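In the order they appear, the protein sequences are chains A, B, C and D.
Under my numbering, think of the first position of the first sequence as 1, with each following residue one higher.
Under my numbering, think of the first position of the second sequence as 139, with each following residue one higher.
Under my numbering, think of the first position of the third sequence as 928, with each following residue one higher.
Under my numbering, think of the first position of the fourth sequence as 1440, with each following residue one higher.
Don't be surprised by glycine CBs; every beta carbon is placed ideally from N, CA and C.
If you're wondering where the values come from, they're calculated on a predicted model, not measured in any experiment.
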Amino acid sequence: MTTLITKTVSKACVPIIILFSVSLLFAGHDLPGGGFIGGVMFASAISLLYVAFGLKYIDSIYSYQWDKWFGAGLLLASLTGFGAMLFGYNFLRSLYMLVSLPLLGDVKLLSTTLFDIGVYLVVIGSLLYVFKGTGEDE
Amino acid sequence: MDLFTAITLAVFLPFIMAGILPAAEKVLKNRIGWYATATAFLSLLLVALAVPSVVNGENVQGSVAWLPSLGIEMSFYGDGLSIMFGLIVSGIGILIMAYSNEYMSKREDLSRYYRQLLMFMGSMLGMVFSSNIIQLFIFWELTSITSFMLIGYWRNRPMSVYGATKSLLITASGGIFMLAGFLVLNIITGTFDIATVLQNESMIETIKGHEFFLFALVLILIGAAAKSAQGPFYIWLPNAMEAPTPVSAFLHSATMVKAGIYLVARIHPIFSGTDAWFILVSGLGIITMLAAGFLAFRQTDIKGILAYSTISQLAYMMAMYGYTTYQYPGIGVAAATFHLLNHATFKACLFLVAGIVAHETATRDITKMGGLRKDMPVTFIIGSIAALAMAGVPPLNGFLSKEMFYESSLEMGHLLGGPLEYLIPAAAVLGGVFTFAYSIRFIDGIFLGKRRSEHLPKHMHEPSLIMLVPPAFLAVLVILIGLFPSVAVHYIIEPAAAGILLQEVHLHVSLWHGFTTALMMTIITFIAGIALYTKYDTIAAWQDRMNARYPWFSINYAYDRIVNGAPGKSAAFAAVMQPGPVKPYLVALLLLFLVLGAIPAMLVATTLVPADLNFNVPPYEGILLGLIVLAALGTAILRKYLHAVIAVSAVGYLISLVFIYLQAPDLAMTQILVETLFTIIFLLVILKIPQTFRENLTRSVLARDLLISSAVGITVLVLLLNATQGIASPFESISYYFIENSVPLARGHNMVNVILVDFRGYDTLGEIVVLCLAGLGVYNLIKSRSDSK
Amino acid sequence: MDTMQQVPMILIALPIIFAAITVLFRSKSGLQKALNIGVFAILFVMSLSLLFHVWNNGILVYEVGEWGKYGILLVADLLGAGMVVLSSLISLMAMIYATDYMDRKALDATFFPLFNLMAAGLNGIFLTGDIFNMFVFFEVLVLSSCGLIVLTGRGDHTKMADKLEAIFKYLILNMVSIILMLVAIASLYATVGTLNMADIAVKIAYLAETGTLPWHIHVIAMMLIVVFGYKAALFPLHFWLADVHPSAPAPIHAMLSGMVIKVGVYGILRVHYLIFQESMFMLQPVLILLSLVTIAVGATSAVGQYDLKRLLAYSSVSQIGYVLLGVGMGTAYALTAAMVYLVNHAIAKSMLFLATGETLYHAGTKDIRKMGGFVQSAPFLSVIFLIGAMSIAGLPPTGGFFAKLVLFDAGLGAEYYIPIGIALVFAIFTLFYLFRTWLSIFWGEVKEHDKEDTYKSRNPTIAIKISLALLACVVIFLGVYPEPLIVLSSTIAEQLLDPQPYIAAVLERSVR
Amino acid sequence: MNNTLLSVCIALLFAIGTFMILRRDMIKVVIGITVLSHATNLLIVSTGAFLGGRAPIITSDDAGSPSGIIFTDDLASGILAPVIPEGTEMVFVDPLVQALTLTAIVISLAITAFLLILCYRIYQEHGTTDVSEIRRLKG
């Protein structure tokens, strides 16, 4: 599978896919998408890299500890839940704020976005962790 | 101090003292036995406080709140019967603990020994004073457990372990039945309190007329018989002789084995006066009496002889308590109670003597003994007195109660009439003859005759005073009760009998009461006993021969077969039940699902399939669904992993198309992405697993699996067709809330995402936890490889 | 007061957060030991305070995200809060024990996060008021137990191949049962349009009252029996248990046998008694029949085992049969009995398993035939094991006695004479195999004399002794004064039979 | 309302999946589990309470006035929410079942991935993929 074409194609595609996955993450609240879909897409992109270049090569450039990703994601998601408690609300109550920023105009800030980012990180981390585990073990 | 407190204290004092015994041992070291003796003495005093009031017919009664929700109180009841038992338990307890000071070597684990003895004593006292049957049962089982511990005192000796196991299995299993009996009794009466039942005549009448009467009686008697080594349950007692001898004297002759007798006496007012009571209790007693008396012949272990004699003596009491007719419910009660007291004195004494003998000769085999009278004359005298009392020789106490036994047997036979008029007294005499023979054997074999010095140590002498005084004291009691029975009868026996018969009892017991039939029977007993004793060895040899020839004709054989054979049988059963591969387990699960699903379909279903089936779908959807089924069939038919995996991912991709058709864009995207990733992982895995195995589908396996899977399919179809009939009116789906509120409250336009992160964000939290777990689990799986090498 | 309201959520969220933290900061096991014991102690105290709160102030309902019944509710009624107390107690003890028992490698790797998530899964199941959420937490529980089974401890003589095989069976069967659960939940939603259990209950009750209850609701009830029966190891769904439980390291074994199989019982108590009251006439005979077979099969299989952990696993099968017998009989008293039995079995069995782990470490083998005479070298374990065995066998003065007493009393009172008769007979089996085992391990002669020196060096550490001794104290306490437990259980039983307060507490809330 | 053809398709998937999990080859068993999961996902979506014509994404056209639906229960007066006023039409498909399905997909993905690695490890330890040979734990 590690032909030159796949390598080139994936080099070109992966950044685009990652960008797309991030946009899916943030657009998810209003359009199809969301943390989960974005995460799976990100994971697919990286797995494409793994398949194209081989695990060893990627690891030699940068060895990602994907378990930290899902740990962080889980922490982020659950702390978002706790965040509401600090404001005197129940766990996971969503908070909403409309902020006017220069250049961007009115931006709606939602605590659920943070939660969704947590989901995103967990999905990426755990899927890639599993993926790497499968591929690595000889 | 009021008497209730005294009795409560008497029960709990031994437990408390046992609890702080390890601390006391640090101070007292080897003299810890006197600490235990003092405890027993205190308990005796506390129990004795109640004697005057009970003699006057005033019973001690009281309770403390304990488990109100079950209707169980911690209640103690001291009537004549329990006071008598209390005196026996704590009184013999003093002697035993004192005796143990010398008997138990200083190297032994004295702390454990006395702790368990004290706990046993407390349990026994608790048992006899309990008014509540559940409380009684708790103490009852505690005596079983402490007995088990004490039998197995020498924990590394195989025979001790064997004996301990046997006693626990039999007595505790009996206990379980007894508990059931108590519960049945509770169903009938609605109370757990015996005193309440005893004081309520109409309740007793209800019990006797109730349809569960026989159930309750049989269940309780099983427990009592197991504890008192009666009937087929006797087998544990001979093996219990592995315990240290003071323990045997205390538990397995004088007190614990009498717990069953106590229970029979306790429930006597409730159940007696019925044919069932007579047949079961007396029948059991008489058969056990004869069998155990006869079997004692081939025993060569001096404690074994005593064990069998204990069984047969307990059976006397059993038989006497069973003597009952409708008009005269308690014919043998006084006699039995008196014999109970007497037996405690002479049998404990005999065991202590046996302990001395074994201690001095370093053997328990009677065939190696003989002629010890010269070396230990005092022991000889004490032992002879006790053995003669057991044989029923005047003027000792055993004579008096045996006379009463004969009298009550005669009376019972007379009341029944028919052949039983002669059979019952004859059986009683035969039991007496056996008793006479083995009692003489005990004296003759150990003390009389020629000394067989080749087996015995050179220097044998009387033991120290500490070991001699307790049996001597008991021997004196044996004589005193025999000569002046009225004291014991007035203060102990009459109140005890009154406690059983629930009315005042006046007895006239004296050594000489005229030339009665009973006396005739006693004389016959002596003559026949002497005659039998001349044939003693012949009979013993015959028994040995028969035992060797027909080993299966014994209850011990059955017990060993069951206990040793059970594991093998069970392992064979488990091997069949639990064959190993996952497939039968899956089949079991699916079959249970099918069977359970079929039950409502057969019982309550009106129409299995709803009428309005809707096949009206656009053709492209039909084609799509057809393709899905085709791809799924491919997974089943395609043999190669790679092909099957491609087929299954085709199913996945096609389903994502269905999702698009069903207006679920999020799902469709997820499905495509997940399917991609999943297929890659799947391919990576199967690349590493060469496909070597190929299943040969036999026709029968294929047919069976097809049957099961089509049944599953049909069940799901029927369920689904019924379930998709729409929400049952008048209800509506909660989805309206999400549709209505996702913009105004959750500020999101994609409802599915809003549900995932907001309305049901908590589910998503759980879901990402599952993802993390998969990651962590896979890590462990991969790492486990290095562990296994 | 306000903080009290948050406790149900914290009981679930705290271990999850902690799991995340321990994933991020792995490989500092020394610090992690202390921290985790601290967290589990906090959880235990909080669960107790929750139980007291519920006892005094009635059912506590917590809206996650504040969406009323449209979101997910946590409902802490007495049953849920009681189960949480039980699971917190056992997981605290197992955690204390595990810090010294588990291999260093396991502690450094994933033990702590997995164990935290297991605790979160248990609490999540016991507190949730939403049936789909229950499914999610079932999966949390299953996957965390699978991950934990692979880890090793010092008395763990199971080969890795066996562990993997056990997990495979467990997961495959679990997937099938969980698929059944999803089918059942989806069908339920399609029929009543809601996922909240109280909401479902009141709607089904309404349909039954008006005579328009669709018959497939009964099928759903039956399917859920399969699902929960699988969790509880009800015959013929019990096969995995004897393979899976013995493969786990001792603290996990204790959690699995002590708490995780109780989840199935909880499921039946919660879901069937709340929602499927109408199907009870069909369910009860089925449950009684199956639980009797479970008792018989478990007890009969246990007698012949020489692998200590496997023997006790079969014993768990048989004991769970007793619990389900009480559940099946279904009177208030029988449900009380089931609860009392459940609690006693949970505590005594987990203690027994913890003691077993240490015994196996002491012996260096798992074959009972090679053990003997350990009372000399391990007197402490001997006492603990004996107390556990007595409790399971139902001998006083341990909690197990009252459990059996109440169960038999309830059964006879409800006129189930033959089932109780059968249960009685198999109680003798229990007595037999447990005491035979105890005797052959601790009494008798030392079988492997060449190992006597190693025996001396392999003794329980302080942490292990503390956890075992505390559990033993609880067992004895329950045997001497079970009144609080019985009162609590009977109140729970009343609440189960009359779900109105539960429904009212959940539904009577205004929605934003 | 109902879609019988879809139901039949789901039932067939269930039957095929069941047949597959009864096979002796471990990998085939996992494939069977996957088929069953697919079938279940499809089943959950198909049990959606109502079938409007549109995906559950609100566009700016939809913003409308409150519809008068009662969402608060009142047990005393017998109101079991939600109560829908007459004539309310639903243009969307049921979003809840989709969310549930998404959760179910993710969970079954996680477990199946774990199961796959497990199979690989079992193959390493036992050297076979025949489930009837993987029977060291028995009796």
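At the level of alpha carbons, what is the spacing between residue i and residue j?
i, j, result
"residue 601 (chain B)", "residue 1412 (chain C)", "55 Å"
"residue 1440 (chain D)", "residue 1012 (chain C)", "Model confidence at residue 1440 (chain D) stands at a pLDDT of 48, short of 50, so the residue's coordinates are unreliable; what they give is reported in the following sentence. Taking the straight line joining both Cα atoms gives about 46 Å."
"residue 540 (chain B)", "residue 476 (chain B)", "9 Å"
"residue 660 (chain B)", "residue 259 (chain B)", "36 Å"
"residue 1308 (chain C)", "residue 1391 (chain C)", "10 Å"
"residue 13 (chain A)", "residue 807 (chain B)", "18 Å"
"residue 270 (chain B)", "residue 294 (chain B)", "38 Å"
"residue 928 (chain C)", "residue 845 (chain B)", "Any reading at residue 928 (chain C) must be qualified, since the residue scores a pLDDT of 46, below 50, and its modelled position is unreliable; no value is offered."
"residue 97 (chain A)", "residue 89 (chain A)", "15 Å"
"residue 1506 (chain D)", "residue 1192 (chain C)", "43 Å"
"residue 1031 (chain C)", "residue 1345 (chain C)", "51 Å"
"residue 42 (chain A)", "residue 1065 (chain C)", "28 Å"
"residue 518 (chain B)", "residue 706 (chain B)", "50 Å"
"residue 127 (chain A)", "residue 282 (chain B)", "60 Å"
"residue 400 (chain B)", "residue 1158 (chain C)", "47 Å"
"residue 563 (chain B)", "residue 546 (chain B)", "9 Å"
Starting from residue i and walking both ways along the beta strand (DSSP E), at which residues does that stretch end?
i, result
"residue 108 (chain A)", "105-110"
"residue 200 (chain B)", "198-205"
"residue 600 (chain B)", "That residue, residue 600 (chain B), is in no beta strand (DSSP E); it is neither H nor E in DSSP."
"residue 216 (chain B)", "210-216"
"residue 873 (chain B)", "Run containing residue 873 (chain B): none in the beta strand (DSSP E); it sits in the alpha helix (DSSP H), 873-879."
For residue i versus residue j, is the C-beta spacing smaller than 8 Å?
i, j, result
"residue 1334 (chain C)", "residue 1253 (chain C)", "yes"
"residue 391 (chain B)", "residue 444 (chain B)", "yes"
"residue 490 (chain B)", "residue 367 (chain B)", "no"
"residue 1008 (chain C)", "residue 981 (chain C)", "yes"
"residue 1312 (chain C)", "residue 1365 (chain C)", "yes"
"residue 30 (chain A)", "residue 888 (chain B)", "yes"
"residue 229 (chain B)", "residue 266 (chain B)", "no"
"residue 1280 (chain C)", "residue 1180 (chain C)", "yes"
"residue 375 (chain B)", "residue 448 (chain B)", "yes"
The alpha helix (DSSP H) that contains residue i, what's its start and end?
i, result
"residue 799 (chain B)", "779-799"
"residue 1152 (chain C)", "1143-1159"
"residue 1243 (chain C)", "1235-1256"
Next item on the list: Could you tell me whether the segment 839-855 of chain B touches the segment 727-747 of chain B, where touching means 3 or more Cβ pairs closer than 8 Å?
Entry: yes
Next item on the list: Ignoring anything shorter than 4 residues or poking outside the segment 1334-1417 of chain C, list the alpha helix (DSSP H) runs there in chain order.
Entry: The qualifying runs are 1344-1369, 1379-1384 and 1389-1407.
Margin query: Three or more C-beta pairs under 8 Å: does that hold for the segment 884-893 of chain B against the segment 104-114 of chain A?
Written below: yes
Next item on the list: Indicate whether the contact test is met: 3 or more Cβ pairs, each with one atom in the segment 1116-1134 of chain C and one in the segment 1093-1101 of chain C, closer than 8 Å.
Entry: The way I'd put it, the segment 1116-1134 of chain C doesn't touch the segment 1093-1101 of chain C; fewer than three beta-carbon pairs between them come closer than 8 Å.
Checklist line | Touch test, the segment 331-340 of chain B against the segment 382-402 of chain B, Cβ-Cβ under 8 Å, three pairs minimum | finding: no
Check: Unbroken alpha helix (DSSP H) runs of length 4 or more, entirely within the segment 529-602 of chain B: which are they?
Finding: Positions of the alpha helix (DSSP H) runs, each at least 4 residues long and wholly inside the segment 529-602 of chain B, are given as 535-554 and 558-584 in order along the chain.
Note to self: Extract the residue ranges of the alpha helix (DSSP H) inside the segment 261-300 of chain B, only unbroken runs of 4 or more that lie entirely within it.
What the structure shows: 271-289
Note to self: Below 8 Å, how does it come out for the segment 212-224 of chain B and the segment 233-240 of chain B: are there three or more Cβ pairs, yes or no?
What the structure shows: no
Margin query: Under 8 Å: do the segment 1050-1070 of chain C and the segment 1522-1534 of chain D share three or more Cβ pairs, one atom per stretch?
Written below: no
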